[in-house]
Amino acid sequence: MFSMFKNTFKFSFVEKANNIIYILTRIPLIGKKVPIRYYKETNTKIVLGIIGEILNLGLEFIKKFMYILCFITFPIIFICKGNMQYKEAVFVYIFLCLNLILGTIIRSSIFLKDDKKAFNMIGLMRCNPREYYLGLVFYRRIIDFIFLMLPVIIMNTIGFKQIVILLVELTAFRLFGEAVRLEINYKFKNIDKFKIYINVISCIVFMSVAYLIPFSFRIIDVRNVVLSYIMIILAIIVGVLSTIYLLNYKHYKEISRNLIIKPSLYNRVDKTDITFSNVKLDDKGIKKEELNPDLYKDKSGYEYLNAILFKRHKRILLNPMYIRLGIIGVLFFVGLICVVIFKDKMIKFDEALEASSGIMVMIMYGMSTGDRFCKAMFYNCDVGLLRYAYYRDPKVILSNFTIRLKRLLFLNVIPAVVLCMALSILVILTSNLNMIVSLIPLFLSIVTLACFFATYHLFMYYVVQPYALDLTVKSPVFKVVSFIIYIVSYICMKLKATTIYFTIAVILITIIFSVVSTILVYKLAPKTFKLK
1117 MFSMFKNTFK
1127 FSFVEKANNI
1137 IYILTRIPLI
1147 GKKVPIRYYK
1157 ETNTKIVLGI
1167 IGEILNLGLE
1177 FIKKFMYILC
1187 FITFPIIFIC
1197 KGNMQYKEAV
1207 FVYIFLCLNL
1217 ILGTIIRSSI
1227 FLKDDKKAFN
1237 MIGLMRCNPR
1247 EYYLGLVFYR
1257 RIIDFIFLML
1267 PVIIMNTIGF
1277 KQIVILLVEL
1287 TAFRLFGEAV
1297 RLEINYKFKN
1307 IDKFKIYINV
1317 ISCIVFMSVA
1327 YLIPFSFRII
1337 DVRNVVLSYI
1347 MIILAIIVGV
1357 LSTIYLLNYK
1367 HYKEISRNLI
1377 IKPSLYNRVD
1387 KTDITFSNVK
1397 LDDKGIKKEE
1407 LNPDLYKDKS
1417 GYEYLNAILF
1427 KRHKRILLNP
1437 MYIRLGIIGV
1447 LFFVGLICVV
1457 IFKDKMIKFD
1467 EALEASSGIM
1477 VMIMYGMSTG
1487 DRFCKAMFYN
1497 CDVGLLRYAY
1507 YRDPKVILSN
1517 FTIRLKRLLF
1527 LNVIPAVVLC
1537 MALSILVILT
1547 SNLNMIVSLI
1557 PLFLSIVTLA
1567 CFFATYHLFM
1577 YYVVQPYALD
1587 LTVKSPVFKV
1597 VSFIIYIVSY
1607 ICMKLKATTI
1617 YFTIAVILIT
1627 IIFSVVSTIL
1637 VYKLAPKTFK
1647 LK
């Protein structure tokens, strides 16, 4: 099994090196200077492979850090309301609900959909399925143990001894979960069709138990049970028995045959349908009046083209906005219920909002409809017109960019304004009308961020153009920049700047970025806005 793990690591090592070389060749200006011979140079691949592994481990750490921060640390702060003497009790309780129970139910290292690494190692390299899956299970347990421990130690949320005990129990629980899942899969062949329902119901139930009970009623201290010696001994026994079961399981080859299906992994048509299915035009849904050629007789040129495009695809363009408005409405309704039931606990709601200006960067990034808007423009219009040189003329590109930016600003700003209105009403109900004045900078920053991300998404679409000719998303630069934006958004969450200064900074950055992006679109897009 160790040799199998070593071979898998070597394969992954080389694959990461090749991916880095490919990414370097796709970077503008630099890409043409990267020699193709790097693909066969061993020393170069070793260096790049090491870089790839470091980046992979760094990404794993960031994912675990964000999980601990968003799903455990922030809820602890919200539930404890400044009284941090209960933070350890809340941490153990949430960890029990989300990791020990929910994670064991819905997470698996073996039953992964579209697992290319398994296909490469078992299907192509003819590796032993038993050795591959066992190596994968134990590797994931080690990685989870290390990278869940580090963020907890950094945040100092719970003691070192306590987190080690929890992670030992988590390892045992996850091994037990894998064993149970293997047994169920062997006895009930069609269990996969119920998987989505089981996962959704489990998430709703255990996330509600994890957060609503300690917030609404009382903090449940389960430390005497979860951290007890009896629980530790039981967990170790369960973990050992589960490991024995995994080692003696006889049907790994049958599982690999069912899980590793080449068409589901490499069929580009399927990928295209998944990626662009939500931006396809439903021909049956077009009304006769929308086909009237005199509908926009007052418009001409590309203004006329885009007007027709927006009209015929209004459902595709408006639905994301409606979904966001619906989510805001539901959260607003929940907020009203909390105001009625827990009004005394929400007295400082306005102060919490003032301190959340940095968090709004991440929220508005998630609320932006720019990604789907750009997909709709490419799939339903640009993929055909980009075949012609006149469509890539600088003036034409700038004209289309300006027209589309106006529409995207509308789609982004409406939810932002509604969010501000909802927050204003909650502040009035929990505080007083005068507090609204102090929150005006926050509301300005929310609207400005909506404008910034609208400009950002359209700018990236024209300058990078991440979509390939076969309608798959294929741009390393796009992925790298998106990751950088995500990291910057996270850093903003940690900023402790006053709201007024934060708002001024956001407005200035948005204005500067809008001007610079317009210039860059005019200069660069004629070369970069093309079919790939």
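Position in the sequence shown (from 1) plus 1116 gives the number in the numbering used here.
Just so it is clear, CB atoms sit at the ideal spot from N, CA and C, and this is done for glycine as well.
Here the structure is a predicted model, which is why all the values come from computation and not from measurement.
Here residue 1163 carries a helix assignment [DSSP, helix/strand/coil].
Between the alpha carbons of residue 1647 and residue 1360 lies a gap of roughly 54 Å. For the set 1365, 1511, 1454, the Cα lying nearest the Cα of residue 1417 is the one of 1511.
For the 8 Å CB-CB criterion, residue 1592 and residue 1139 form a contact. DSSP, read as helix, strand or coil, puts residue 1365 in coil.
Per the Cβ contact rule, the segment 1475-1493 is in contact with the segment 1429-1440 (3 or more Cβ pairs under 8 Å).
Counting every other CB atom within 10 Å of its CB across the protein chains shown gives residue 1260 a total of 16 or more, marking it as buried. Residue 1642 holds the alpha-carbon nearest to the alpha-carbon of residue 1503 among 1527, 1520, 1557, 1642.
Per DSSP, the continuous alpha helix (DSSP H) segment holding residue 1487 begins and ends at 1486-1493.
Closest option to residue 1127, judged by alpha-carbon separation, among 1154, 1235, 1193: 1235.
Residue nearest to residue 1554 within the set 1492, 1470, 1525 is 1470 (criterion: CA-CA distance). For residue 1583, the three-state secondary structure derived from DSSP is strand.
In this structure, the beta-carbon distance from residue 1528 to residue 1567 falls below 8 Å.
With respect to the 8 Å criterion, residue 1583 and residue 1489 are not classified as neighbours on the basis of their beta carbons. Around the beta carbon of residue 1500, fewer than 16 other beta carbons lie within 10 angstroms, which makes this residue exposed. Between residue 1151 and the set 1137, 1163, 1272, the nearest pair of CA atoms involves 1137. Just measuring C-alpha positions, the residue of 1550, 1565, 1173 sitting nearest residue 1623 is 1565. Three or more beta-carbon pairs separated by less than 8 Å link the segment 1206-1218 to the segment 1273-1293, which places the two stretches in contact. In the three-state scheme derived from DSSP, where H, G and I count as helix and E and B as strand, residue 1150 is classed as coil. The C-beta distance from residue 1271 to residue 1184 rounds to 7 Å, short enough to meet the 8 Å contact threshold. Annotation: residue 1250 to residue 1557 spans about 55 Å, alpha carbon to alpha carbon.
By the CB criterion at 8 Å, residue 1177 and residue 1263 fall inside the cutoff. Annotation for residue 1619: 1473, 1557, 1558, 1560, 1561, 1564 place their beta carbon closer than 8 Å to its own, counting only its chain and skipping 5 residues before and after. Note: residue 1589 is bridge-paired with 1583 in the DSSP secondary-structure output. DSSP places residue 1189 in no alpha helix (DSSP H); its state is neither H nor E.
Contact between residue 1514 and residue 1420 is ruled out by a C-beta separation of about 17 Å, above the 8 Å threshold.
If you draw a straight line from the Cα of residue 1217 to the Cα of residue 1444, it comes to about 30 Å.
In the DSSP assignment, residue 1252 falls within the unbroken alpha helix (DSSP H) covering 1245-1271.
The criterion of a C-beta distance shorter than 8 Å is satisfied by residue 1161 and residue 1130. Ranking 1186, 1159, 1571 by CA distance to the CA of residue 1632 puts 1571 first. Ranked by Cα distance from residue 1201, the options 1273, 1228, 1190, 1223 are led by 1273. Put simply, of 1219, 1350, 1426, 1610 the residue whose alpha carbon is nearest the alpha carbon of residue 1297 is 1219. Residue 1294 is positioned such that its CB atom lies no closer than 8 Å to that of residue 1356. With a beta-carbon spacing of about 19 Å, residue 1526 and residue 1578 fall beyond the 8 Å limit used to define contacts.
Counting the other CB atoms within 10 Å of its CB gives residue 1546 a total of 16 or more, which places it among the buried residues.
Assignment of residue 1604 by DSSP, reduced to helix, strand and coil, places it in the helix class.
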